Amino acid sequence: MTAWWGLLRSLILYWRPGRQRRLRHLYRPFVGSGDLVFDVGAHLGDRSVALAALGARVIAIEPQPRAARWLRWLVRSSDRITVRTEAVGRMAGSGELAISRRTPAVSTLASGWRSRLPEANRSFRKVRWDDTVTVAVTTLDVLIRTYGEPRFCKIDVEGHEADVLAGLSRPVASLSFEFVSGALDVAVDCVRQLDRLGRYEFNAIAGEQRRYLFDTWRTGDSVVEWLTAGGGGISSGDLYAVLVHPSTGPVSQTAQRDP
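Heads up: the sequence shown begins at 1260 in my numbering, then just goes up one per residue.
Below, the structure written as structure tokens:
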């Protein structure tokens, strides 16, 4: 019963009225009709559905067995969403997914992240990871070989974000990935990995808000400095990254629209 109650909480949180409209507004500068998107850590598919509503083809990736079953049901009416039930990591294979039955949105493959967050971040003090399951693991490079290069890649995998990016060997146009107080080194690692792939600019959104924190998009070094100083004391949020390239400079400018 605990597991089903946890999923019900996720349904109430992520499918509340008005959320889809706000998500579409957030993602509109990044994707358009026919674009390919990877939703890594899709959970119950609220962001996948919003991205598909903008005309994108979405590969929704969710390794939790119960959540994946709900995800398939929730997106069943969309022919733009493909559900895959692997995790994503630095190399293909398998991994142990720790599941929080009461709060399934924070299930994770990152064992070190899981062990330190309850002490380092008060939002996690009552979280318990009380189940495990072995899941298949793929990589972003494998997904790109299978489906093509995504215009946008959303990564929300509870401390495993840097491992996901370690399986990417080429720059993609735009991404988002989560940052969490108490484990900001993971986000720093993500920024450094992206900067090795290409020149990116970054902005941040706190929690479930829809407004960027910075007036202008920042370099990787600037964002690393902000994260190292504590990330503004924010409990969690998402960093957005856009690839800067001389022939496609407007990609960065487009993303500066305030969601």
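Don't be surprised by glycine CBs; every beta carbon is placed ideally from N, CA and C.
Quantities reported herein were computed from a predicted structural model and do not represent experimental measurements.
| Query | Result |
| --- | --- |
| Exposure of residue 1421, with buried meaning 16 or more beta-carbon neighbours within 10 Å | buried |
| Where residue 1378 falls: helix, strand or coil (DSSP) | helix |
| C-beta atoms of residue 1411 and residue 1334 nearer than 7 Å | no |
| Whether residue 1482 touches residue 1450 by CB criterion (7 Å) | yes |
| Which of helix, strand or coil DSSP assigns to residue 1279 | helix |
| Contact between the segment 1403 to 1410 and the segment 1431 to 1442 (3+ Cβ pairs under 8 Å) | yes |
| Residue 1319 beta carbon less than 7 Å from that of residue 1304 | yes |
| Inter-residue spacing [alpha-carbon to alpha-carbon] between residue 1498 and residue 1478 | 12 Å |
| Local Cβ density within 10 Å of residue 1288, reported as buried at 16 or more and exposed below that | buried |
| Bounding residues of the beta strand (DSSP E) (the contiguous stretch that carries residue 1315) | No beta strand (DSSP E) contains residue 1315, which DSSP labels as neither H nor E. |
| When 1453, 1490, 1310 are compared against residue 1284, the one with the closest alpha-carbon | 1310 |
| Whole-angstrom C-beta distance between residue 1359 and residue 1353, which should lie under 8 Å | Actually they do not touch by this definition, with Cβ atoms about 20 Å apart. |
| Segment limits, alpha helix (DSSP H) that includes residue 1497 | Here residue 1497 belongs to no alpha helix (DSSP H); instead the beta strand (DSSP E) covers 1495 to 1502. |
| Same chain, Cβ closer than 7 Å to residue 1351, five either side skipped, listed in chain order | 1396, 1397, 1398, 1401 |
| Between the CA atoms of residue 1326 and residue 1266 - distance to the nearest angstrom | 7 Å |
| Candidates 1357, 1264, 1355, 1307: closest to residue 1413 by CA position | 1307 |
| Inside the segment 1366 to 1422 only - alpha helix (DSSP H) runs reaching at least 4 residues | 1370 to 1379, 1399 to 1406 |
| Residue interval of the alpha helix (DSSP H) (run including residue 1450) | 1443 to 1456 |
| Alpha-carbon spacing of residue 1384 relative to residue 1337, whole angstroms | 37 Å |
| Collapsed DSSP secondary structure at residue 1469 in the structure displayed | coil |
| Local conformation of residue 1359 per DSSP, three classes | coil |
| Residue 1440, DSSP secondary structure in three states | coil |
| Selected residue, minimal CA-CA separation from residue 1419, among 1437, 1454, 1275 | 1437 |
| Nearest-angstrom Cα separation, counted from residue 1277 out to residue 1356 | 32 Å |
| C-beta atoms of residue 1488 and residue 1461 nearer than 7 Å | no |
| Inter-residue CB distance, residue 1417 and residue 1369 (contact presumed, cutoff 8 Å) | 7 Å |
| Alpha carbon of residue 1518 to alpha carbon of residue 1286, nearest angstrom | Bear in mind that the predicted position of residue 1518 carries a pLDDT of just 36, short of 50, making it unreliable; the figure below should be weighed with that in mind. Cα to Cα, residue 1518 sits roughly 8 Å from residue 1286. |
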